[in-house]
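So the protein sequences, as listed, match chains A and B.
Here my numbering runs 8 ahead of the position in the first sequence, where the first position is 1.
Here my numbering runs 8 ahead of the position in the second sequence, where the first position is 1.
Ideal Cβ positions, reconstructed from N, Cα and C, are used throughout, including at glycine.
Structure record follows, encoded as structure tokens.
2 protein chains.
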Amino acid sequence: MLLAVTILGNNSAIPAHGRHPTAQVITTTDELLLFDCGEGTQIQILNYRIKRSRINHIFISHLHGDHYFGLIGLLNSFALLSRIQPLHIYGPAALKEILHLQFKHSDTRLPFELTFHPIEKDGLILDAKHYTVECFSTRHRIECKGFLVREKKNLRKILAEEVRKYNIPPSFFPQLQKGEDFTDANGVVIKNERLTTENRKPKSYAFAADTVYDVRLAEIVREVDLLYHEATYPDALSEKATERYHSTTKQAASIALQGSVNRLLIGHFSAKFENLEPFVTEAREVFTNTDLAQEGVTYLL
Amino acid sequence: MLLAVTILGNNSAIPAHGRHPTAQVITTTDELLLFDCGEGTQIQILNYRIKRSRINHIFISHLHGDHYFGLIGLLNSFALLSRIQPLHIYGPAALKEILHLQFKHSDTRLPFELTFHPIEKDGLILDAKHYTVECFSTRHRIECKGFLVREKKNLRKILAEEVRKYNIPPSFFPQLQKGEDFTDANGVVIKNERLTTENRKPKSYAFAADTVYDVRLAEIVREVDLLYHEATYPDALSEKATERYHSTTKQAASIALQGSVNRLLIGHFSAKFENLEPFVTEAREVFTNTDLAQEGVTYLL
């Protein structure tokens with residue numbers, strides 16, 4: 009499965025220095041997902057030529073404005089563009105009330121089916137054909153969830169020579185790919201391991217939303233291919249970070265290190281800082297494979 | 009008094025072609041006013057270096073998203089920037105409910121005093137030192153108000169030679185400027201008209217918000233220096249305009265002509281049209297002194 013993350017906003021609460029509030033598009037083979045939707049996300053979607061009609065699932069981490077103020081505008085545009093494709097939103101229960109109040113007073117009737125899935129507890133929230141999305145609690149000033157996309161286990165690879173040798177009928181190949189053993193006409197069992205090999209490891213992406221340094225997260229994101237962890241402040245401001253339920257560069261990198269993830273993206277930068285080079289330099293001191301989450305850039309997993 | 013209008017958004021509902029939803033900053037000598045606040049207004053405020061801390065009054069015409077979805081983000085940023093200056097919002101009563109619901113769920117406590125003035129009827133809504141703001145109903149799909157800023161009557165100009173001739177004490181000059189007659193020690197009255205002349209005519213700006221063609225508006229905006237009237241569609245689409253409670257280029261120009269205004273700005277352009285030159289060409293056929301409301305441009309009255 010194709011899995012990629014496009015950053016639409018890498019800034020924290022106040023837009024500044026041409027940077028935007030949080031929003032990320034997750035590209036899968038079949039459809040697009042949107043993680044958070046800060047103000048102006050629909051304009052960023054236009055800027056970066058994202059096919060907005062392919063967004064079928066929107067996940068909102070929490071109700072601080074820089075993570076959802078752009079949602080109502082995006083939905084409104086979907087309505088004006090006569091979208092018919094159903095849309096699913098996953099987020100805090102109060103979000104539904106906020107959206108409906110605004111639809112009511114603008115006399116908006118959506119031409120598409122909108123299903124709101126209030127997030128009530130951690131765990132699986134979307135089981136799609138090729139991937140799943142789970143959510144996990146972070147520690148923030150208000151209730152906040154991170155999201156974890158996992159590619160589903162890949163089918164096993166058939167060994168062409170072996171299936172010929174054992175004369176396995178092609179009609180049984182789908183079962184082989186799923187790991188079943190083959191039993192021939194004489195009742196002889198040929199073990200699946202003889203006929204197939206393990207396919208590549210399923211890919212996974214964790215979006216850790218807004219959070220104070222929380223060592224628990226290292227376990228939750230263990231061995232993901234890509235972790236996005238906020239790094240609102242440089243390491244010198246760790247006290248301020250804690251006070252505001254945010255993290256520093258080195259704290260983000262420390263979670264990546266302890267979780268043995270493959271690669272780290274840092275984002276949600278404080279508007280106070282224009283130059284972000286020191287952020288990535290600091291983080292790399294702890295975890296080498298770190299990059300700045302750059303707006304308009306797609307990170308392929 | 010200084011009076012100027014800066015356009016931050018000239019597009020209708022869906023952002024397109026680099027154009028933004030409705031927002032206008034009105035500059036007066038003492039402070040700034042904001043008329044409507046579509047999504048991304050706070051970013052436009054940054055782009056055009058508007059001093060956001062000087063905005064003391066915000067007026068929202070109606071609850072279609074392209075006229076107010078940026079308000080909550082702007083207020084949120086004011087809070088994060090530790091604004092202390094009081095702020096006044098004038099708009100439909102339901103707007104207060106929408107804002108408060110979002111403040112509640114983001115656990116936002118404003119560090120400044122926010123006074124919400126629900127607009128209940130047409131007429132005077134703000135009586136400031138140097139100007140007034142009135143509102144008037146337009147005809148739109150939902151309840152909608154236009155706004156009219158009028159400079160207060162200018163003080164009369166003192167005629168230096170005449171006051172010397174009649175030996176008027178300077179302490180009486182303020183009364184002269186207000187139009188009072190002077191009575192000397194012998195009880196002789198010197199008429200004000202002998203000592204002063206009329207100052208220049210007070211300036212006025214009308215923002216006609218969203219509206220279907222409504223000839224009533226010509227009376228309401230009569231003889232303003234500058235009229236902003238929406239022209240969502242070219243004249244060929246007048247049927248569509250009527251059906252959607254919007255106006256065309258020539259309808260906007262016709263209101264300007266019938267109202268004998270000095271100058272017309274047209275805006276709120278449909279996202280379907282990238283090239284706006286035909287819009288202004290059509291409007292000028294009816295009312296010569298017409299311009300496109302251009303984003304980032306300040307129109308001095």
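Less than 6 Å separating the Cβ of residue i from some heavy atom of the ligand HEM?
{"i": "G195 (chain B)", "result": "In terms of ligand content, the structure shown is empty, and the ligand HEM therefore cannot be addressed."}
State the beta-bridge partners of residue i as determined by DSSP.
{"i": "Q32 (chain A)", "result": "A:I15, A:F43"}
{"i": "P126 (chain B)", "result": "B:G99"}
{"i": "I198 (chain A)", "result": "A:F190"}
{"i": "F155 (chain A)", "result": "A:C143, A:F215"}
{"i": "T306 (chain B)", "result": "B:T14"}
{"i": "A24 (chain B)", "result": "B:R27"}
{"i": "H237 (chain A)", "result": "A:I274"}
{"i": "G131 (chain B)", "result": "B:C143"}
{"i": "T205 (chain A)", "result": "A:K165"}
Residue range of the alpha helix (DSSP H) that residue i falls in?
{"i": "L310 (chain B)", "result": "Because chain B is modelled from 9 through 309, residue 310 (chain B) falls outside the range shown and cannot be assessed."}
{"i": "K161 (chain A)", "result": "Taken as a continuous stretch (DSSP letters only), K161 (chain A) belongs to no alpha helix (DSSP H), as it is neither H nor E."}
{"i": "G81 (chain B)", "result": "79–88"}
{"i": "T49 (chain B)", "result": "49–55"}
{"i": "T250 (chain A)", "result": "246–251"}
{"i": "T298 (chain A)", "result": "Counting along the chain, T298 (chain A) falls outside any alpha helix (DSSP H), though it belongs to the beta strand (DSSP E) covering 298–300."}
{"i": "A291 (chain B)", "result": "285–294"}
Give me the residue from the options with the minimum Cα distance to residue i.
{"i": "A301 (chain A)", "options": "A:H75, A:L284, A:P119, A:V294", "result": "A:L284"}
{"i": "L71 (chain B)", "options": "B:S262, B:T250, B:I106, B:S268", "result": "B:I106"}
{"i": "D74 (chain B)", "options": "A:S69, A:I80, A:S20, A:L40", "result": "A:I80"}
{"i": "H254 (chain A)", "options": "A:D115, A:A216, A:R230", "result": "A:A216"}
{"i": "L203 (chain B)", "options": "B:P242, B:D189, B:L95, B:K211", "result": "B:D189"}
{"i": "Q259 (chain B)", "options": "B:K161, B:V220, B:S61", "result": "B:V220"}
{"i": "I133 (chain A)", "options": "A:I68, A:K104, A:D222", "result": "A:I68"}
{"i": "Y76 (chain A)", "options": "B:E282, B:F111, B:L225, B:L95", "result": "B:F111"}
{"i": "R230 (chain A)", "options": "A:L41, A:A24, A:L272", "result": "A:L272"}
{"i": "G99 (chain A)", "options": "A:H125, A:L83, A:D115, A:N162", "result": "A:H125"}
{"i": "Q52 (chain B)", "options": "B:T240, B:L89, B:Q32", "result": "B:Q32"}
{"i": "N18 (chain A)", "options": "A:G26, A:P210, A:T30", "result": "A:T30"}
{"i": "D218 (chain B)", "options": "B:L11, B:Y139, B:L10, B:A21", "result": "B:A21"}
{"i": "I276 (chain B)", "options": "B:D299, B:Q185, B:L308, B:P94", "result": "The sequence as given places His at residue 276 (chain B); Ile does not occur at that position. When only C-alpha atoms are compared, the closest one is B:D299."}
{"i": "R147 (chain B)", "options": "B:A249, B:S212, B:K211, B:V232", "result": "B:A249"}
{"i": "R91 (chain A)", "options": "A:V305, A:A193, A:Q185, A:R62", "result": "A:R62"}
{"i": "L11 (chain A)", "options": "A:V288, A:E282, A:G195, A:E159", "result": "A:E159"}
{"i": "H65 (chain A)", "options": "A:N55, A:L83, A:L54", "result": "A:L83"}
{"i": "R224 (chain A)", "options": "A:V294, A:A193, A:I263, A:R172", "result": "A:I263"}
{"i": "L89 (chain B)", "options": "A:T289, A:G304, A:S278", "result": "A:S278"}
{"i": "K165 (chain B)", "options": "B:P23, B:F180, B:Q185, B:V157", "result": "B:Q185"}
{"i": "C152 (chain B)", "options": "B:E121, B:E238, B:T256, B:L245", "result": "B:E238"}
{"i": "P242 (chain A)", "options": "A:E201, A:V232, A:F287", "result": "A:F287"}
Going by DSSP, what residue range makes up the beta strand (DSSP E) through residue i?
{"i": "R271 (chain B)", "result": "271–275"}
{"i": "F67 (chain B)", "result": "63–67"}
{"i": "I228 (chain A)", "result": "First-last for I228 (chain A): 224–228, but that is the alpha helix (DSSP H), not the beta strand (DSSP E)."}
Scan the region 108–124 of chain A for residues whose Cβ lies nearer than 9 Å to a Cβ of chain B and list them as they occur along the chain. With the criterion set as a beta carbon lying under 9 Å from some beta carbon of chain B, the members of the region 108–124 of chain A are L109, Q110, K112, H113, S114, D115, T116, in sequence order.
Give me the subset of the region 78–89 of chain B whose CB atoms are less than 8 Å from a CB atom of chain A, sorted by chain position. Under the 8 Å Cβ criterion, the region 78–89 of chain B contributes G78, I80, G81, N84, S85, L88, L89.
So if I threshold CB-CB distances at 9 Å, which residues from the region 236–264 of chain A count as touching chain B? So the list is empty, because no residue satisfies the distance condition.
With 8 Å as the C-beta to C-beta threshold (strictly closer), list the residues of the region 54–74 of chain A near chain B in chain order. Listed in sequence order: L54, L71, H72, G73, D74.
Interface positions of the region 30–52 of chain B facing chain A (Cβ-Cβ less than 8 Å), listed along the chain: Listed by position along the chain: E47, G48, Q50, I51.
Relative to chain A, which residues along the region 131–151 of chain B have a C-beta separation below 9 Å, given in chain order? Along the region 131–151 of chain B, the positions whose C-beta sits under 9 Å from a C-beta of chain A are R149, I150, read in chain order.
May I ask you to list, following chain order, the residues of the region 88–107 of chain B that have a beta carbon less than 9 Å from some beta carbon of chain A? If the cut-off is 9 Å between Cβ atoms, the region 88–107 of chain B has L88, L89, P100, A102, L103, E105, I106 near chain A.
Residues within the region 14–27 of chain A neighbouring chain B, beta-carbon criterion of under 8 Å: Listed by position along the chain: A21, I22, P23, A24.
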